[in-house]
Amino acid sequence: MERHLFREEHELFRQAFRRFLDKEVLPHQERWREQGIVDREAWRKAGREGFLCTWMEEKWGGPGGDFLHAVVISEEMARAYDSGFAIALHSDIVVPYLHAFGSDEQRQRWLPGCASGELVTAIAMTEPGTGSDLAAIQTTARRDGDDYVLNGAKTFISNGMLCDLVIVAAKTDADPARAHQSVTLFVVEAGRPGFLKAKKLAKMGLPAQDTAELAFEDCRIPAANRLGPEGSGFPALMQKLQQERLMVAIGAQASAERILEDTIAYTKDRKAFGKPISKFQNTQFKLAECATEVEVGRAFLDRLCAEHVAGKYLVRECSMAKLWQTEMLGRVVDTCLQFFGGYGYMLEYPVTRAYMDARVQRIYAGTNEIMKVIIAKQLGL
Ligand SMILES: Cc1cc2nc3c(=O)[nH]c(=O)nc-3n(C[C@H](O)[C@H](O)[C@H](O)COP(=O)(O)OP(=O)(O)OC[C@H]3O[C@@H](n4cnc5c(N)ncnc54)[C@H](O)[C@@H]3O)c2cc1C
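Residue numbers (the numbering used here): 36 to 416.
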């Protein structure tokens, strides 16, 4: 069905971003996968061309677009089978915290660098002992004069090795009865004594995306690096996680669309028993099912994006999208991979890598079980 989400300016922007991908991303993807990290220079180039923090106002150094420009970028990254260059994580998940909860002084200090690609960001919530249960984090921030002293460990942090700034969730109050009121967010710059980028983690998928363990050992940061008042971290995270979940859903939907398109083409080309495999009824039925799922998913997601752009705060629907779109991607990529036969098991085939990249989407940004917990709560259960 025809999409009505975008204006002409977004489609022009899409063409420009495709050119950027062709020139600055596709030729490097294999090397980035091998080295397990994206070149820093690629971030600067993306910033220079206005592809970072697309929604940010010009007064803070952004290109002055809107959320739909971010949607375009995520869709095109998925279409390019790129799972390494974490533009959406930086631009649409982490930087919005600085923008929404930072003081004017903090915005002035950090936002222009975020938009130009000079500052790459990460967010560190998860710890070795807890992920889903955010209120149970153990990292502490103790006030000491004009400073805070951070101690603790974080794990699975995307952009962990590359980041220049990391937003860290830490406890400023040890009282277990106030677990939800004791989380505070801090911005820690790379290079501060006591902030260690401890280990780059080997993963099943997302080979070009650096995912790291971070450690804070008596890491002293000025109170001016606290984001919002003490104890405001938990509600801030709950608010911003909606867009994070929506971004995951947008990527999952676009991935499923690309994989389906490529699989249809492959089955028309590949022959067995004297005819294209697309002529077997099993192929037709399976791909018809996938196409139906993809089309239905697209209608829901575009509607949700439109409402999100209009400023509606849709906890239930963002959780539903994260849940449904990532489960749908899992079904579609598994079904499609089968049509590639042995080639679907070879790493040189994009569908194979897409299969491995897809698995984590049901785990991160809140597991799909946690999405069901949230949806059930929203249903009043
Ligand atoms: C590649 C990758 C990148 C990541 N990037 C980041 C990042 O940048 N920043 C960051 O902070 N984190 C990041 N994460 C962490 C991710 O968000 C967590 O792994 C995730 O939230 C789950 O937490 P956990 O691993 O501790 O699992 P656990 O919380 O231990 O959960 C284990 C299992 O128990 C289930 N479970 C837990 N609670 C409930 C419940 N109430 N009801 C039913 N089932 C439940 C879960 O669904 C899961 O199946 C990343 C993870 C990966 C793998």
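We put the beta carbon where it would ideally sit given N, CA and C, even for glycine. Since this is a predicted model, take the numbers as computed values, not measurements.
Item	Value
Contact belief for Asp-182 with Arg-261 at Cβ below 8 Å, rounded distance in angstroms	In fact, because the Cβ distance is near 10 Å, the residues do not count as touching under 8 Å.
Under the three-state DSSP convention, the category Cys-254 falls into	strand
Start-end ranges of the alpha helix (DSSP H) lying completely within the stretch 119 to 187, minimum 4 residues	130 to 136 and 139 to 151
Cβ-based neighbour list, Glu-324, same chain, cut-off 8 Å, excluding 5 preceding and 5 following	Thr-370
Unbroken stretches of the beta strand (DSSP E), 3 residues or longer, contained in the stretch 240 to 295	246 to 257
Spatial neighbours of Ala-250 in its chain, beta-carbon cut-off 7 Å, leaving aside the 5 residues before and after	Ala-188, Leu-231 and Ala-233
Limits of the unbroken beta strand (DSSP E) element including Ile-202	200 to 206
Reduced DSSP secondary structure (H/G/I, E/B, other) of Pro-444	Within the shown structure, residues of the chain are numbered from 36 to 416, placing residue 444 beyond reach of any answer.
Collapsed DSSP secondary structure at Leu-236 in the structure displayed	coil
Where Glu-224 falls: helix, strand or coil (DSSP)	strand
Cβ neighbours of Gly-332 in the same chain (closer than 8 Å, five flanking residues each side left out)	Gln-288, Ala-291, Trp-359, Gln-360 and Met-363
Local Cβ density within 10 Å of Ser-126, reported as buried at 16 or more and exposed below that	buried
Proximity test, Val-408 beta-carbon vs ligand 1 heavy atom, cut-off 7 Å	yes
Inter-residue Cα distance where the pair is Asp-101 and Lys-238	33 Å
Three or more C-beta pairs below 8 Å linking the stretch 127 to 134 and the stretch 269 to 279	yes
Gln-244 versus Val-60: straight-line alpha-carbon distance, rounded	13 Å
Cutoff 6 Å; reference Ala-123; Cβ partners in own chain excluding five residues on either side	Ser-109 and Met-282
Nearest neighbour of Met-112, chosen from Ala-345, Phe-55, Glu-162 and Trp-90 [CA to CA]	Phe-55
Three-pair Cβ contact test at 8 Å for the stretch 147 to 163 versus the stretch 193 to 204	yes
Cβ-based burial, Glu-46 [other Cβ within 10 Å; buried from 16]	exposed
Inter-residue Cα distance where the pair is Val-222 and Val-201	6 Å
Ile-72 Cβ short of 7 Å to ligand 1 heavy atom set	no
Phe-375 to Asn-186 span [Cα, whole Å]	49 Å
At least 3 beta-carbon pairs within less than 8 Å: the stretch 265 to 274 vs the stretch 81 to 95	no
Phe-308, buried or exposed, once every other Cβ within 10 Å from all chains shown has been counted against 16	exposed
Closest by C-alpha distance to Ser-118, when choosing among Val-73, Glu-224 and Lys-347	Val-73
Cβ-Cβ distance between Ala-389 and Ile-312 below 8 Å	no
Closest residue to Lys-235 among Ala-225, Leu-241 and Ala-247 (Cα-Cα distance)	Ala-247
Alpha-carbon to alpha-carbon, Ser-167 and Val-106	26 Å
heavy atom of ligand 1 below 7 Å from Lys-238 C-beta	yes
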